[in-house]
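Student: Here it is, the structure, as structure tokens.
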Amino acid sequence: MGTDENLQTAFAGESQANRKYTAFSRKAEQEGFTNIAQLFKAAAEAETVHALSHLRTMKQVESTNENLKTALEGEVYEHNKMYPEFIKEAESENRNSAKITFNYANQVEKVHADLYQRAIDAINTGKDIEKTQYFVCQTCGYTAEGESPDTCPVCGSPKQRFKLVE
Ligand SMILES: [Fe+2]
Ligand SMILES: [Fe+2]
210 MGTDENLQTA FAGESQANRK YTAFSRKAEQ EGFTNIAQLF KAAAEAETVH
260 ALSHLRTMKQ VESTNENLKT ALEGEVYEHN KMYPEFIKEA ESENRNSAKI
310 TFNYANQVEK VHADLYQRAI DAINTGKDIE KTQYFVCQTC GYTAEGESPD
360 TCPVCGSPKQ RFKLVE
């Protein structure tokens, strides 16, 4: 292991810690531990600081033009290769809830790929994309533009499950 690998490992670990603490914070909130929820939230935010610092140190934050290409590549890989394989394996192992969570992510990555492609098309003509509002389904992650749909096209959740991105 050299420092480059260590940075990558630390980035992955801090990123995961951020998401875990966010989930733990929500759970603490549900259980009525409001102050412990805040502690998890604070730690989660600190892990984000670490993760972003590691990422910048690896020079993996480039111009928006480059970042869009990187983002698109990731979404396309997940949609075309990673999740289809994961879904197949979950099926063959009868892991239904894993299959469902992979399937939700898989369908939404395609939506993200399309959104990024449009942003790439805009930036190629030197422009930002049109101003809009985004809503994210809190069950499957489906990302809607403009307004939230009455029913989520990916998971069927009702409109109230959509959260406005601020
Ligand atoms: Fe995505
Ligand atoms: Fe959904």
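Position 43 of the sequence shown, counted from 1, bears residue number 252 in my numbering, the numbering being contiguous throughout.
Glycine included, each C-beta is placed from N, C-alpha and C at the ideal position.
1) Measure from the C-beta of Ile245 to each C-beta in chain B and report whether the shortest distance is under 8 Å.
2) What is the C-beta distance between Asn288 and Glu318, in whole angstroms, given that I count them as a contact (C-beta under 8 Å)?
3) Between the C-alpha atoms of Tyr325 and Lys340, what's the straight-line distance to the nearest angstrom?
4) Does DSSP put Glu375 in a helix, a strand or coil?
5) For the alpha helix (DSSP H) containing Tyr343, name the first residue and the last one.
6) What is the DSSP secondary structure of Thr334, reduced to helix, strand or coil?
7) Spatial neighbours of Tyr230 within its chain, please: C-beta separation below 7 Å, excluding the five flanking residues on both sides.
8) Can you tell me where the beta strand (DSSP E) with Thr352 in it begins and where it stops?
9) Taking Cβ positions, are Val345 and Val320 nearer each other than 8 Å?
10) Between Lys336 and Glu298, what straight-line distance do the alpha-carbon atoms span, to the nearest angstrom?
11) Whole angstroms are fine: how far does the CA of Tyr286 sit from the CA of Asp213?
12) How is the alpha helix (DSSP H) around Glu223 delimited, first residue to last?
Tutor: Taking the coordinates as given:
1) Of the chains in the structure shown, none is chain B; there is only one protein chain.
2) Counting from 1 along the sequence shown, the entry for residue 288 is found at position 79. Counting from 1 along the sequence shown, the entry for residue 318 is found at position 109. For clarity, residue 288 is His in the given sequence; the question names Asn instead. Yes, His288 and Glu318 are in contact; Cβ-Cβ is about 4 Å, under 8 Å.
3) Counting from one through the sequence shown, the residue named residue 325 turns up at place 116. Counting from one through the sequence shown, the residue named residue 340 turns up at place 131. Roughly 14 Å separates the two Cα atoms.
4) For the purposes of this step, residue 375 is taken as the residue at position 166 of the sequence shown. Glu375 sits in coil when the DSSP states are folded into three classes, being neither helix nor strand.
5) For this step, residue 343 is matched to residue 134 along the sequence shown. Careful: Tyr343 lies outside any alpha helix (DSSP H), inside the beta strand (DSSP E) at 343 to 346.
6) Walking along the sequence shown from the start, residue 334 turns up at place 125. For Thr334, the three-state secondary structure derived from DSSP is coil.
7) Walking along the sequence shown from the start, residue 230 turns up at place 21. Shown here for Tyr230: same chain residues with a beta carbon closer than 7 Å to its own, the five before and five after excluded, namely Phe249, Ala252, Ala253, Glu256 in chain order.
8) One-based indexing of the sequence shown puts residue 352 at position 143. 352 to 354 is the span of the beta strand (DSSP E), which, as asked, contains Thr352.
9) Counting from 1 along the sequence shown, the entry for residue 345 is found at position 136. Counting from 1 along the sequence shown, the entry for residue 320 is found at position 111. Between Val345 and Val320, the CB-CB gap reaches or exceeds 8 Å.
10) The count along the sequence shown starts at 1 and reaches residue 336 at position 127. The count along the sequence shown starts at 1 and reaches residue 298 at position 89. C-alpha separation (whole angstroms): 42 Å.
11) On the sequence shown, position 4 is the one that residue 213 refers to. On the sequence shown, position 77 is the one that residue 286 refers to. Their backbone Cα atoms lie some 23 Å apart in a straight line.
12) Counting from 1 along the sequence shown, the entry for residue 223 is found at position 14. Going by DSSP, Glu223 is part of the alpha helix (DSSP H) stretching over 212 to 239.
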